[in-house]
Amino acid sequence: MFISEDEVEFDLRSIIAERVPVEKVIRETRVAGLDVLPASFDLAYLDKELVVSPAGVTRIGRALRDVRDDYSYVVFDTGPNLSHLTLGALAASEHIVIPVSATVWATTGLRKFVRWIDQHRDDEVLAAQLLGLVATMVQPRTRIGQALLDDLASSPFPTFRTWIPRRIAAEDAAMDHAVVGDLGMDRSLGLAYNDLTGELVTRVQELQTAARHAR
289 MFISEDEVEF DLRSIIAERV PVEKVIRETR VAGLDVLPAS FDLAYLDKEL
339 VVSPAGVTRI GRALRDVRDD YSYVVFDTGP NLSHLTLGAL AASEHIVIPV
389 SATVWATTGL RKFVRWIDQH RDDEVLAAQL LGLVATMVQP RTRIGQALLD
439 DLASSPFPTF RTWIPRRIAA EDAAMDHAVV GDLGMDRSLG LAYNDLTGEL
489 VTRVQELQTA ARHAR
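Below, the structure is given as structure tokens:
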């Protein structure tokens, strides 16, 4: 959201297919401490190329290997699909956060997605741990919004307490390239994302501490 596609000279595919150094692709943003690795329509070509590439599922992780230690957190924002690009991003990840929108078929899609993850974990393709589910686009006064919150609360999967409300302002913020804390950002939306970030960081730190103690 910080860089328009017209401004993208190199992207993730450039690193993998064209061997452009990752440091040349990463771009700084106006937010201190936040860098982005741009995406463009070329990722559609990369998705097909990963299918035929030897050890294609590991290519994304290998592409970022030299810079991972430069950051406290690396976040992959994947599309809602079961593509090889998504699989490659998950294979490069340590944790998975699944947003679940307040729609009629959301929980059905969630179950299928979790099964898909479990199958690839059984095949030792990925080892990422499910960090939690987060309800999005929620209108708690509607039946479907309350049903989603109830379903996630009773699910066997870890779920974040914070849920993201449905707001027209979210689309406006995306158009304006606005982030939490910017002037004009919807207050309830900003607070929700701020609370979710706090939960995410706390949960990751707890898991890291538990892993160190288990050694």
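According to the working numbering, the sequence shown is numbered sequentially starting from 289. For every residue, glycine included, the Cβ atom is placed at its ideal position computed from N, Cα and C. If you're wondering where the values come from, they're calculated on a predicted model, not measured in any experiment.
Hey, how far is the Cα of residue i from the Cα of residue j?
i	j	result
T391	E297	37 Å
D335	G349	14 Å
L436	I386	14 Å
D354	V345	18 Å
A416	T424	22 Å
Y333	E306	12 Å
R500	A480	30 Å
D294	F364	21 Å
E494	L488	10 Å
Q407	P446	19 Å
Quick check on the DSSP output: the beta strand (DSSP E) that includes residue i runs from which residue to which?
i	result
T424	417-424
Who are the Cβ neighbours of residue i in its own chain at under 7 Å, not counting the five residues just before and after it?
i	result
T317	F290, D323, V324
S302	V308, V313
H383	A416, Q417, L419, V492
V319	V467
Applying the 10 Å Cβ sphere with the 16-neighbour rule, what's the burial state of residue i?
i	result
I456	exposed
W393	exposed
S381	buried
M463	exposed
A441	exposed
H372	buried
R347	buried
L370	exposed
A502	exposed
G486	exposed
G376	buried
L378	buried
Over what stretch of residues does the alpha helix (DSSP H) that includes residue i continue unbroken?
i	result
V308	Segment: none, V308 is in no alpha helix (DSSP H) and carries neither H nor E.
W404	394-410
M463	456-463
G478	475-502
Y333	331-340
G349	347-351
L440	431-441
Considering only DSSP beta bridges, list what residue i is partnered with.
i	result
D323	E316
H383	Q417
S389	T424
T366	The partner list for T366 (beta bridge, DSSP) is empty, contrary to what the question assumes.
Suppose the cutoff is 6 Å on Cβ atoms and the five residues either side in sequence are ignored; what does the same chain contact list for residue i look like?
i	result
L398	V388
T395	D439
G433	A390, V426, Q427
E412	none
Near residue i, which residues of its chain fall below 8 Å by C-beta distance, leaving aside the five closest residues on each side in sequence?
i	result
L484	V422, F448, T450, I452
D299	V313, L325, P326, A327, S328, D330, L331
With a threshold of 8 Å between beta-carbons, can residue i be considered close to chain D, or not?
i	result
A390	As a matter of chain content, chain D is missing from the structure shown, which is built from one protein chain.
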